[in-house]
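In the working numbering, the protein residues as written are 4 to 507.
Think of the CB as a built atom: it goes at the ideal place given N, C-alpha and C, for glycine as much as any other residue.
Computed from a prediction, not measured in an experiment: that's the story for all the values here.
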Amino acid sequence: MRINDRRGQAIKDESVEVVDPSESPTFYFPVNKLNLLVPATLPRGSILFRTKALPLSDNSSGKTPSYHSLLKVPSWLQIDSDELDLVVKLRRNATPSIGTVVVKIEAENTTVDELPHDDSLNEVPLNVLVMELTVLNENSTRVLCAADNSTENLCFWPFVSWRVLEEEPEVSLSSPGPEYLQRFCNRTFQYRLAANDSQGSSLAVTKDKSGVWQLQTVRPLDRELATNDTVDAVVARAQLLCSEMGTDDIPKMKPRTISSRNISVELIDRDDNPPEGQNKVPVYLETNVLVQGAEYAKNALLLQDSDSDLRQRYQISIVEDPSELWLVRCGPTTELKFKWPFPHAIISCYLTPRENRTLAENSKHNITLLVQDITMEHIRPHVDNNVLLSLSLVAGPRPRDPTASAAASAPAASAAASSDAAWRPRYPRAVALARWVAPLARVARPRARPRANAAPAPAPAPAPASGFRVEAPAAPGAFAVTRRQGIVYVKDPDVLARAPDSLM
4 MRINDRRGQA IKDESVEVVD PSESPTFYFP VNKLNLLVPA TLPRGSILFR TKALPLSDNS
64 SGKTPSYHSL LKVPSWLQID SDELDLVVKL RRNATPSIGT VVVKIEAENT TVDELPHDDS
124 LNEVPLNVLV MELTVLNENS TRVLCAADNS TENLCFWPFV SWRVLEEEPE VSLSSPGPEY
184 LQRFCNRTFQ YRLAANDSQG SSLAVTKDKS GVWQLQTVRP LDRELATNDT VDAVVARAQL
244 LCSEMGTDDI PKMKPRTISS RNISVELIDR DDNPPEGQNK VPVYLETNVL VQGAEYAKNA
304 LLLQDSDSDL RQRYQISIVE DPSELWLVRC GPTTELKFKW PFPHAIISCY LTPRENRTLA
364 ENSKHNITLL VQDITMEHIR PHVDNNVLLS LSLVAGPRPR DPTASAAASA PAASAAASSD
424 AAWRPRYPRA VALARWVAPL ARVARPRARP RANAAPAPAP APAPASGFRV EAPAAPGAFA
484 VTRRQGIVYV KDPDVLARAP DSLM
């Protein structure tokens, strides 16, 4: 079957690089759209709004977000950065007016020109509206229990939508209403969720240490489990309860609901980038005599996906194969949990020949695979859900250490002469390793000692007198070695995930 690209043109045999997810936006705001109601009587210098940029992927976990305005900030607004928070304040001696501010995030050590343009994931529009604060009592200490729009807008955002990256642990989204009015609302009102949300008690409204109400997630959320028919989101209903303080003559009334609002939290799919794949090193088939239906190049192609295990929906096909020999098959998904707060699913694929065929020994064959993540088709039209991967196959075993080969072909007398004292352990010259292997996974072990009148064969371990250590590693901390047996294993997968494609 011939595969065409999105323009309808046939994909040609050419060198294809895997898409680098680091080129995509790396931060997002949990508050998507927000209208700020700014009372004209609000003291100057008051904080209107506070939020924090959250990392959108592993690539941004080590960067520090900073903020700047895309549009000219009105003279009465001030945008600061306080402990990594975006803080919008009223300037002193300034009269607020209606306006719009768009704030964009940039990572540390980058410039504005390097930011991805026209991408809403890095923008927050602040539509600032001005209103008169007319529902306070005569002492201006609290909001009256008046079931009208004015009271509701004081303690609820007039319009806001939230979003959070799926499979993220507890995340504070923002206050349910304006933080700058909670000094009035806290004395009269309280918030609660009327019922479980669409994913079952995954949202909560609580007070933080400073006494400010906060809407937050209480567990990781799965985008594929959202039950809303129109958007993958968590939907809950928040109630605004009001209670009169009471006096000596009039007892305190029980809290009563005077208003309610639907809360919608959009779940951002972690696969808004194409799936990640690896290996760029040659894949050795270990033989040149191929058997129809047998599995070759197993684990040579690995794909990484952060969706739930039940939603692994990939279409993988071969788009270029000059020999017209190969089929691609993928095995079951393995879900691995390391130090990341979300699962990493590893999909292992292999190649199988259509027919029995003998290839020229050590001949090279290049094939190109098209990987399509069909779970992304409905997410965002501008997201490319395709990735092309190229594999270089070699019909034969991996080359051995020439020194070891020479020692193996030496006469028996030479083997006997190489005593235990003269024996030196030898490792494979090259090892293909997945970036997303589990901790303690074995990488390599030293070859066995040569024995007289016998070809070298795998043996348990060198003599107890031998000692091993990792010296001057290219990726410090990624690997370790057992002291007695010399087995090299993965110590820290996080370091390995950030390492270059080739290590010495």
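I think residue i touches residue j, with their Cβ atoms under 8 Å apart; what is that distance to the nearest whole Å?
i: L218; j: P181; result: Incorrect: roughly 13 Å between the Cβ atoms, too far for contact.
i: P161; j: L40; result: 6 Å
i: V446; j: V493; result: 6 Å
Need the endpoints of the beta strand (DSSP E) that residue i sits in, please.
i: V446; result: R445 to A447
i: Q219; result: W216 to T220
i: Q242; result: A236 to C245
i: K212; result: Counting along the chain, K212 falls outside any beta strand (DSSP E), and DSSP gives it neither H nor E.
i: A483; result: F482 to V484
i: Q193; result: F192 to L196
i: W165; result: V163 to L168
i: S263; result: R259 to I271
i: Y492; result: V491 to V493
i: S177; result: S175 to S177
i: V54; result: A quick correction: the sequence has Thr, not Val, at residue 54. It spans I50 to K55 - the beta strand (DSSP E) in which T54 sits, taken as one unbroken run.
Give a yes or no on whether the C-beta atoms belonging to residue i and residue j are separated by under 8 Å.
i: E364; j: A398; result: yes
i: L244; j: P33; result: no
i: L396; j: L288; result: yes
i: V268; j: R195; result: no
i: V322; j: C352; result: no
i: K36; j: V163; result: yes
i: R472; j: V484; result: yes
i: P258; j: Q193; result: yes
i: V286; j: A297; result: no
i: L394; j: V374; result: no
i: P402; j: Y430; result: no
i: N291; j: T355; result: no
i: S263; j: A197; result: yes
i: Y31; j: L57; result: yes
i: A239; j: I266; result: yes
Would you decide whether residue i is buried or exposed? Buried here means 16 or more other CB atoms lie within 10 Å of its CB.
i: P400; result: exposed
i: P503; result: exposed
i: S366; result: exposed
i: R9; result: Note that R9 scores a pLDDT of 32, beneath 50, so its modelled location is shaky; the value from the coordinates is reported in the next line. Flag for R9 reads exposed.
i: E170; result: buried
i: E327; result: exposed
i: T220; result: buried
i: D324; result: buried
i: G480; result: exposed
i: D225; result: buried
i: Q242; result: buried
i: S205; result: buried
i: S63; result: Because the pLDDT of S63 is 48, which lies under 50, any placement of that residue in the model is unreliable, and the number read from its coordinates should be weighed accordingly. Classification of S63: buried, given that the 10 Å Cβ count is 16 or more.
i: L168; result: buried
i: G214; result: exposed
i: T371; result: buried
i: L436; result: buried
i: A460; result: Note that A460 has pLDDT 47, beneath the 50 cutoff, so the model's placement of it is unreliable and no number is given.
i: A496; result: Going by the sequence as given, residue 496 is Pro instead of Ala. It counts as buried.
i: T508; result: No answer is possible for residue 508: it lies beyond the span of the chain, which begins at 4 and ends at 507.
i: L499; result: buried
i: G48; result: exposed
May I ask which residues mark the beginning and end of the alpha helix (DSSP H) holding residue i?
i: R501; result: P496 to R501
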